[in-house]
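**Student:** What follows is a structure written as structure tokens; I'll ask about it next.
In structure tokens, the structure reads:
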């Protein structure tokens, strides 16, 4: 738990006590999962001795590992595509005025606010509508349809993070590069991109975590063939408590914690650099 | 724009990279992707929502607003009501629990620790949402953590898993970090001299809080509430895993119309449009009456 209390400067107050309580609330579920992941008896609430059994079981569970591999594949592909077209979109929107820009902008950030279930449903309907005439009734859902659907929200998140960085960027940097004889492509790649890199990277990490976590959109667009990790977890936990899921939780929480820390560190450092 | 730069551009690039192409290269890929997988699909479900009882592959002609009327029939109206109840209650709970935390971090924790403390508070947000709900199953189930503790001290067990309180706990837990983040952002900008001035002018801490702090935080309260409300309206995981059969919500009902045993794509599309409409109305109210400082 990250909670620092400098002496003397922070007098006791009910807000502080309440906040500590809320920190406890936020970390309780994680602590509980970690506790049970090492508990010998999976079903009783008490401590029955230490075991690695659930971790061993998890690392030998091919279905879970295959689902994890699928999810990573989807996330990497979706983020890679989104990083390119999302960044281009953010730069384009910051740079040009054109008729219908308001509508474009509205649509571009729509995936940030439209509920997942609505996006999932409309994507499924769309895929069904194009698949019926194209393949005679069979809906061709696959890994690629999941990737295509994930790109929609990944691209919005990346563009959003990049555009916040763009607003406080010196607009004359690129002009200067052009004046000094750089081509537009050179100015973009060698001047603008390095400036945007931290924002692109933290946008990508955010999108990556969101893609890994997505259950609804994946289950609507995956079809019978592919199973992502959230789909696999969902099908297991809806029927009750499964001890090896505890071990999986701890591994996943650890991994996302690391990814998150890297993202925050990058953001923090770039902000420091900017304000200095 | 200075003249040398123009000649420079003209001299080096026009042949290989025409100027009109640049905006197109930047905006067309995302534009096409969003049109194909966001705009057209939304139009398609609107069309489908006007169609009665469709299964995949079936072709039926639009026959009007029956699917929308169906939402308001006695069988389904409680579902809509329950979704609104969950969302409004969770928003209120997040505000109630989140405000003191955000206040503490923004105004009472020393500046250099604020980022770290805030980071610590929102860290659980980055764990899988399914696993967070699953953890609450472990905590709330009849033989779970809470009931074992209650049993140990001789209090009758709480039977709240698969009931509405469990959904509220799950939703509040999932969205509290967002609320704290947004409230912190608006409280952090609070000018402390205003509070001092209020105190100098004889205001009690309570008066200063209601007359200075709250008005300053108003935009944050509005933005945070909007975000939590929208997220709860669309939440599927918490009601599904923690709420049991009694906590049917709009999101769960939509899911069932497409992936459940009794499929009805037309009705599911109408529910989906309804959800989008509710979210849009919430945003429109925020844009119309909310503070402009947090917009765009």
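Residue numbers (my numbering), protein chains in the order written: chain A, 1 to 276; chain P, 1 to 296.
Built from N, CA and C at the ideal position, the CB exists for glycine as well.
Using only alpha-carbon positions, find the residue among A:67, A:46, A:41, A:267 that is nearest to residue 215 (chain A).
**Tutor:** As a first step, residue 215 (chain A) is located in the first chain; it is residue number 215 there, counting from the start. For the residues A:67, A:46, A:41, A:267, the minimum Cα distance to residue 215 (chain A) belongs to A:67.
**Student:** To which residues of the same chain is residue 64 (chain A) closer than 7 Å at the C-beta, ignoring the five residues directly before and after it?
**Tutor:** If you number the first chain from 1, residue 64 (chain A) lands on position 64. Only 58, 232, 248 meet the Cβ criterion.
**Student:** Would you check if the region 230-241 of chain P and the region 167-181 of chain P touch, i.e. whether three or more CB-CB distances between them fall below 8 Å?
**Tutor:** The region 167-181 of chain P, when compared against the region 230-241 of chain P, does touch it at the 8 Å Cβ threshold.
**Student:** Which residue comes first and which comes last in the alpha helix (DSSP H) that contains residue 73 (chain P)?
**Tutor:** Residue 73 (chain P) sits at position 73 when you count from the first residue of the second chain. Element bounds for residue 73 (chain P): n/a, residue is neither H nor E.
**Student:** Spell out whether any CB of chain P is found under 8 Å from the CB atom of residue 277 (chain A).
**Tutor:** With chain A represented from 1 up to 276, any question about residue 277 (chain A) goes unanswered, as that position is not in the structure.
**Student:** For residue 255 (chain P), count neighbouring Cβ atoms within 10 angstroms of its own Cβ and tell me buried if that reaches 16, exposed if not.
**Tutor:** Position 255 of the second chain, counted from the start, is the residue given in the question as residue 255 (chain P). Residue 255 (chain P) comes out buried.
**Student:** For residue 258 (chain A), is the classification buried or exposed, using 16 other Cβ atoms within 10 angstroms of its Cβ as the cut-off for buried?
**Tutor:** As a first step, residue 258 (chain A) must be located in the first chain, where it is residue number 258. Counting Cβ neighbours within 10 Å, residue 258 (chain A) comes out exposed, since fewer than 16 surround it.
**Student:** In chain P, which residues lie less than 8 Å from residue 12 (chain A) when you measure between Cβ atoms?
**Tutor:** Working through the first chain from its first residue, we reach residue 12 (chain A) at position 12. Result: empty, since nearest Cβ-Cβ is about 10 Å, beyond 8 Å.
**Student:** Quick check on this structure: which residue in P:288, P:190, P:243, P:282 has the alpha carbon closest to the alpha carbon of residue 106 (chain P)?
**Tutor:** Translated into positions along the second chain, residue 106 (chain P) becomes position 106. Ranking the options by Cα distance to residue 106 (chain P), first place goes to P:190.
**Student:** Unbroken beta strand (DSSP E) runs of length 3 or more, entirely within the region 70-144 of chain P: which are they?
**Tutor:** none
**Student:** For the putative contact between residue 81 (chain A) and residue 151 (chain A), defined by C-beta atoms under 8 Å, what is the C-beta separation to the nearest angstrom?
**Tutor:** As a first step, residue 81 (chain A) must be located in the first chain, where it is residue number 81. As a first step, residue 151 (chain A) must be located in the first chain, where it is residue number 151. Their Cβ separation, rounded to whole angstroms, is 5 Å, which keeps residue 81 (chain A) and residue 151 (chain A) in contact under 8 Å.
**Student:** Return the chain-ordered list of same chain residues with a C-beta closer than 6 Å to the C-beta of residue 178 (chain A), the five sequence neighbours on each side being excluded.
**Tutor:** By 1-based counting over the first chain, the position of residue 178 (chain A) is 178. Result list for residue 178 (chain A): 187, in chain order.
**Student:** Under 8 Å between the Cβ atoms of residue 277 (chain A) and residue 138 (chain P)?
**Tutor:** Residue 277 (chain A) falls outside the range modelled here, since chain A spans only 1 to 276, and no answer is possible.
**Student:** Hey, how far is the Cα of residue 219 (chain A) from the Cα of residue 271 (chain P)?
**Tutor:** The residue given as residue 219 (chain A) occupies position 219 in the first chain. The residue given as residue 271 (chain P) occupies position 271 in the second chain. Looking at the two C-alpha atoms, the distance is approximately 18 Å.
**Student:** Consider the Cβ of residue 130 (chain P): report whether some Cβ of chain A lies at a distance smaller than 8 Å.
**Tutor:** Within the second chain, the letter at position 130 stands for residue 130 (chain P). Chain A, which has a Cβ nearer than 8 Å to the Cβ of residue 130 (chain P), makes this yes.
**Student:** With distances taken Cα to Cα, identify the nearest neighbour of residue 217 (chain A) among A:166, A:250, A:141.
**Tutor:** Position 217 of the first chain, counting from 1, holds the residue named residue 217 (chain A). With distances taken between Cα atoms, residue 217 (chain A) lies closest to A:141.
**Student:** Between the C-alpha atoms of residue 7 (chain A) and residue 108 (chain P), what's the straight-line distance to the nearest angstrom?
**Tutor:** In the first chain, residue 7 (chain A) corresponds to position 7, counting from 1. In the second chain, residue 108 (chain P) corresponds to position 108, counting from 1. With a pLDDT of only 44 at residue 7 (chain A), under 50, the local geometry of the prediction cannot be trusted, and the value read off the model is given with reservation. Distance between the alpha carbons of residue 7 (chain A) and residue 108 (chain P) is about 13 Å.
**Student:** Per the DSSP calculation, residue 50 (chain A) is bridged to which residue(s)?
**Tutor:** Residue mapping note: residue 50 (chain A) aligns to position 50 of the first chain, counting from 1. Answer by DSSP bridge pairing, in chain order: A:39.
**Student:** Indicate whether residue 108 (chain A) and residue 159 (chain A) have their beta-carbon atoms separated by less than 8 Å.
**Tutor:** In the first chain, the residue the question calls residue 108 (chain A) occupies position 108. In the first chain, the residue the question calls residue 159 (chain A) occupies position 159. For residue 108 (chain A) and residue 159 (chain A), yes; Cβs fall inside 8 Å.
**Student:** Which residues of chain A have a Cβ atom closer than 8 Å to the Cβ of residue 230 (chain P), listed in chain order?
**Tutor:** On the second chain, residue 230 (chain P) is found 230 positions in, with the first residue counted as 1. Result: 113, 115.
**Student:** Mark residue 136 (chain A) as exposed unless 16 or more other C-beta atoms lie within 10 angstroms of its C-beta, in which case mark it buried.
**Tutor:** The residue you call residue 136 (chain A) lines up with position 136 of the first chain. Its pLDDT being 47, under 50, residue 136 (chain A) is placed unreliably by the model, and nothing is read from it.
**Student:** List, in chain order, every chain P residue whose beta-carbon is nearer than 7 Å to that of residue 124 (chain A).
**Tutor:** Locating residue 124 (chain A) in the first chain gives position 124, counting from the first residue. 258, listed in chain order.
**Student:** Measure from the C-beta of residue 260 (chain A) to each C-beta in chain P and report whether the shortest distance is under 8 Å.
**Tutor:** Position 260 of the first chain, counting from 1, holds the residue named residue 260 (chain A). For residue 260 (chain A), the answer is yes, since a Cβ of chain P falls inside 8 Å of its Cβ.
**Student:** Answer yes or no: does any C-beta atom of chain P fall closer than 8 Å to that of residue 277 (chain A)?
**Tutor:** No answer is possible for residue 277 (chain A): it lies beyond the span of chain A, which begins at 1 and ends at 276.
**Student:** Does chain A have any CB closer than 8 Å to the CB of residue 145 (chain P)?
**Tutor:** Within the second chain, numbered from 1, the residue matching residue 145 (chain P) stands at position 145. Under the Cβ criterion of 8 Å, residue 145 (chain P) is counted among the residues facing chain A.
**Student:** Say whether chain P places a C-beta atom closer than 8 Å to the C-beta of residue 142 (chain A).
**Tutor:** The residue given as residue 142 (chain A) occupies position 142 in the first chain. No, because no Cβ of chain P sits closer than 8 Å to the Cβ of residue 142 (chain A).
**Student:** Check for me: the alpha helix (DSSP H) holding residue 207 (chain P) runs from which residue to which?
**Tutor:** Position 207 of the second chain, counting from 1, holds the residue named residue 207 (chain P). Counting along the chain, the alpha helix (DSSP H) containing residue 207 (chain P) begins and ends at 205-208.
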